[in-house]
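Asks: Start counting the sequence shown at 10; every next residue gets the next number (my numbering). Glycine residues also receive a C-beta, built at the ideal position from the N, C-alpha and C atoms.
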Amino acid sequence: MTTAVRKTQDAAREATVAKLGQIPTGDRIRGLAFKLLVLTSAILGVAGLLALIIQSGVVGAERLNLDLFTQGPSSLAEEGGFLAGILGTLFVIGGVLVTAVPLGIGAAIYLEEFAKKENWFNRLIELNIQNLAAVPSIVFGILGLGLIVRGPIGLGGVAFAGSLTLALLVLPTVILASREALRAVPTSIREGAMALGATRWQAVRHQVLPSAVPGMATGSILALSRAIGETAPLLLVGAAVFVTANPDDPFEGAYTVLPVQIYNYVARPQEEFQVLAAAGIIVLLIVLIV
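1. Answer yes if the region 152-159 comes into contact with the region 180-192, meaning at least three C-beta pairs across the two stretches below 8 Å, and no otherwise.
2. If you count every other CB in all the chains shown that lies within 10 Å of the CB of Phe100, and 16 or more means buried, which is it?
3. Just how far apart, CA to CA, sit Leu92 and Val167?
4. Any chance you could list the alpha helix (DSSP H) runs of at least 4 consecutive residues sitting entirely within the region 206-287, in chain order?
5. Is the region 176-188 close to the region 100-110, with three or more CB pairs under 8 Å?
6. Taking the C-alpha atoms as reference points, what is the distance between Ser5 and Tyr272?
7. For the region 127-181, which segments carrying the alpha helix (DSSP H) assignment without a break, of at least 4 residues, lie completely within its bounds, in sequence order?
8. Is it right to say Phe169 is buried, meaning 16 or more other beta carbons lie within 10 angstroms of its own, or is it exposed?
9. Report whether the distance from the Cβ of Arg214 to the nearest heavy atom of the ligand SAM is below 6 Å.
10. According to the Cβ coordinates, are Gly69 and Ala236 closer than 7 Å?
11. Looking at the secondary structure, which residues open and close the alpha helix (DSSP H) in which Glu200 lies?
12. For Leu99, report the span of its alpha helix (DSSP H) as first-last.
13. Cα separation between Phe43 and Leu53?
14. Whole angstroms are fine: how far does the CA of Leu285 sit from the CA of Leu112?
15. If you compare alpha carbons, which of Ala124, Leu75, Ala56 and Gly228 is closest to Trp210?
16. Would you kindly work out how many angstroms separate the C-alpha atoms of Gly300 and Leu77, rounded to a whole number?
17. So, using beta-carbon positions, are Gly228 and Val269 closer together than 7 Å?
18. Can you give the Cα-Cα distance for Pro256 and Ala248, rounded to whole angstroms?
19. May I have the straight-line CA-CA distance separating Gly163 from Pro195, to the nearest angstrom?
20. Secondary structure at Leu75, three-state DSSP: helix, strand or coil?
21. Beta carbon of Gly94, beta carbon of Thr265: below 7 Å?
22. Given Gln216, which residues of its chain have a CB within under 6 Å of its CB, disregarding the five upstream and five downstream residues?
23. Would you mind working out which of Glu88, Gln64 and Leu45 sits nearest Asn74, comparing C-alpha positions?
24. Among the candidates Thr79, Glu71, Ser50 and Ala86, whose CA atom is the shortest distance from the CA of Gln279?
25. Give me the Cα-Cα distance between Val222 and Arg214, rounded to the nearest whole angstrom.
26. Below 7 Å between beta carbons: does that hold for Ile138 and Met225?
27. When the Cα atoms are used, what is the spatial distance from Val252 to Ser84?
28. Any idea if Leu185 is buried or exposed, counting beta-carbon neighbours within 10 angstroms, 16 or more meaning buried?
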């Protein structure tokens with residue numbers, strides 16, 4: 010029996026090799042060229058990113074000390090720090106975390122598990138979510154200015170207004186990533202749970218969601234990473250380029266964030282501020298990783 014199986018496997022292998030040998034030389038060359046192009050693009054992209062990180066590390070290394078994390082903004086580069094930007098970033102991203110992530114995951118669960126796919130309204134919502142994911146961030150900044158800062162909500166230029174603006178920005182990303190995570194769960198898990206008497210919600214809650222959590226977490230982290238690096242929308246909704254005091258309340262007072270502080274220092278001609286901006290990029294990477 011083992012010999013027969015081995016012969017069958019050998020025959021299948023020989024047939025596969027024969028088919029591969031029949032591929033025209035031009036197609037093989039094009040396939041190899043495409044693989045080489047993709048590999049080269051990936052290497053160049055990673056190398057460029059590493060070069061920027063290394064350059065920032067080399068230039069800003071002399072300013073990497075405890076004062077960078079404990080001092081606020083200053084008109085003197087030697088005395089300036091990023092404490093105000095760190096606190097403001099934590100306030101803003103904390104607001105995004107508690108608003109966009111639950112709403113995005115909830116919307117994804119409804120659209121993927123409960124909504125009727127043939128319903129025209131649900132299809133319209135799905136189409137708009139996909140379109141919103143590609144809208145430039147400055148558009149969300151204008152929306153936040155007109156709706157959240159000065160419009161019906163009228164929060165003013167506080168950190169929570171920035172949180173809501175960035176939540177609108179990353180919400181489509183969270184929804185799309187969460188839906189992909191739910192789609193990756195095998196249908197057999199749902200059908201098996203319901204065959205044992207579980208309701209649709211019980212099957213989703215106890216079987217589907219635990220399997221989809223890693224993918225949802227990855228999508229949420231990517232969305233928050235994008236929000237941390239945004240500058241233009243926050244400038245429109247009230248993030249200050251320079252603050253005289255550290256923010257202590259997300260619902261009151263002026264605030265700034267790390268990208269805005271870095272943008273401010275990069276725009277200055279003095280070399281000391283360029284070094285401070287490079288050190289700020291390292292601080293931003295640390296906050297992003299943590």
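Replies: Once the coordinates are examined:
1. no
2. Stepping through the sequence shown from its first residue, residue 100 is reached at position 91. If you draw a 10 Å sphere on the C-beta of Phe100, you find 16 or more other C-beta atoms in it, and that means buried.
3. For the purposes of this step, residue 92 is taken as the residue at position 83 of the sequence shown. For the purposes of this step, residue 167 is taken as the residue at position 158 of the sequence shown. Taking the straight line joining both Cα atoms gives about 17 Å.
4. Correct list: 209-212, 218-237, 241-245 and 267-275.
5. yes
6. The structure shown has nothing for residue 5, since the chain only spans 10 to 299.
7. 129-141 and 146-153
8. By 1-based counting over the sequence shown, the position of residue 169 is 160. It counts as buried.
9. Annotation note on the ligand SAM: not contained in the displayed structure, which lists no ligands.
10. On the sequence shown, position 60 is the one that residue 69 refers to. On the sequence shown, position 227 is the one that residue 236 refers to. Cβ distance not < 7 Å, so Gly69 and Ala236 don't count as in contact.
11. Counting from one through the sequence shown, the residue named residue 200 turns up at place 191. Residues Thr196 to Ala204.
12. In the sequence shown, counting from the first residue as 1, residue 99 sits at position 90. Where Leu99 is concerned, the enclosing alpha helix (DSSP H) stretches over Leu92 to Ile118.
13. Counting from 1 along the sequence shown, the entry for residue 43 is found at position 34. Counting from 1 along the sequence shown, the entry for residue 53 is found at position 44. Cα-Cα distance, rounded: 15 Å.
14. Position 103 of the sequence shown, counted from the first residue, corresponds to residue 112. Position 276 of the sequence shown, counted from the first residue, corresponds to residue 285. Rounded to whole angstroms, Leu112 to Leu285 spans 37 Å at the Cα level.
15. Position 201 of the sequence shown, counted from the start, is the residue given in the question as residue 210. If we check each option's Cα against that of Trp210, Ala124 comes out closest.
16. In this structure the chain extends from 10 to 299, so residue 300 is not present and cannot be described.
17. For the purposes of this step, residue 228 is taken as the residue at position 219 of the sequence shown. For the purposes of this step, residue 269 is taken as the residue at position 260 of the sequence shown. The answer is no: Cβ separation not under 7 Å.
18. Indexing the sequence shown from 1 puts residue 256 at position 247. Indexing the sequence shown from 1 puts residue 248 at position 239. Straight-line Cα distance between these residues: approximately 11 Å.
19. Taking the first residue of the sequence shown as 1, we reach residue 163 at position 154. Taking the first residue of the sequence shown as 1, we reach residue 195 at position 186. Cα to Cα, the separation comes out at about 45 Å.
20. Here residue 75 refers to the residue found at position 66 when the sequence shown is read from its first residue. DSSP places Leu75 in coil when its eight states are reduced to three.
21. Here residue 94 is taken as the residue at index 85 of the sequence shown, counted from 1. Here residue 265 is taken as the residue at index 256 of the sequence shown, counted from 1. Yes; because the gap between Cβ atoms is below 7 Å, this pair is in contact.
22. Sequence index remark: in the sequence shown, residue 216 carries index 207 (1-based). Closer than 6 Å at the Cβ level, and outside the excluded window around Gln216, lie Ile198 and Ala202.
23. Translated into the one-based positions of the sequence shown, residue 74 becomes position 65. Selected option, being the one with the closest Cα: Glu88.
24. Against the sequence shown, residue 279 aligns to sequence position 270. The residue with the shortest Cα to Cα distance from Gln279 is Ala86.
25. Here the question's residue 222 lines up with position 213 in the sequence shown. Here the question's residue 214 lines up with position 205 in the sequence shown. Approximately 11 Å, taken between the alpha carbons.
26. Translated into the one-based positions of the sequence shown, residue 138 becomes position 129. Translated into the one-based positions of the sequence shown, residue 225 becomes position 216. The answer is no: Cβ separation not under 7 Å.
27. Residue 252 sits at position 243 when you count from the first residue of the sequence shown. Residue 84 sits at position 75 when you count from the first residue of the sequence shown. Approximately 11 Å between the Cα atoms of the pair.
28. Within the sequence shown, residue 185 is the residue found at index 176, counting from 1. Flag for Leu185 reads buried.
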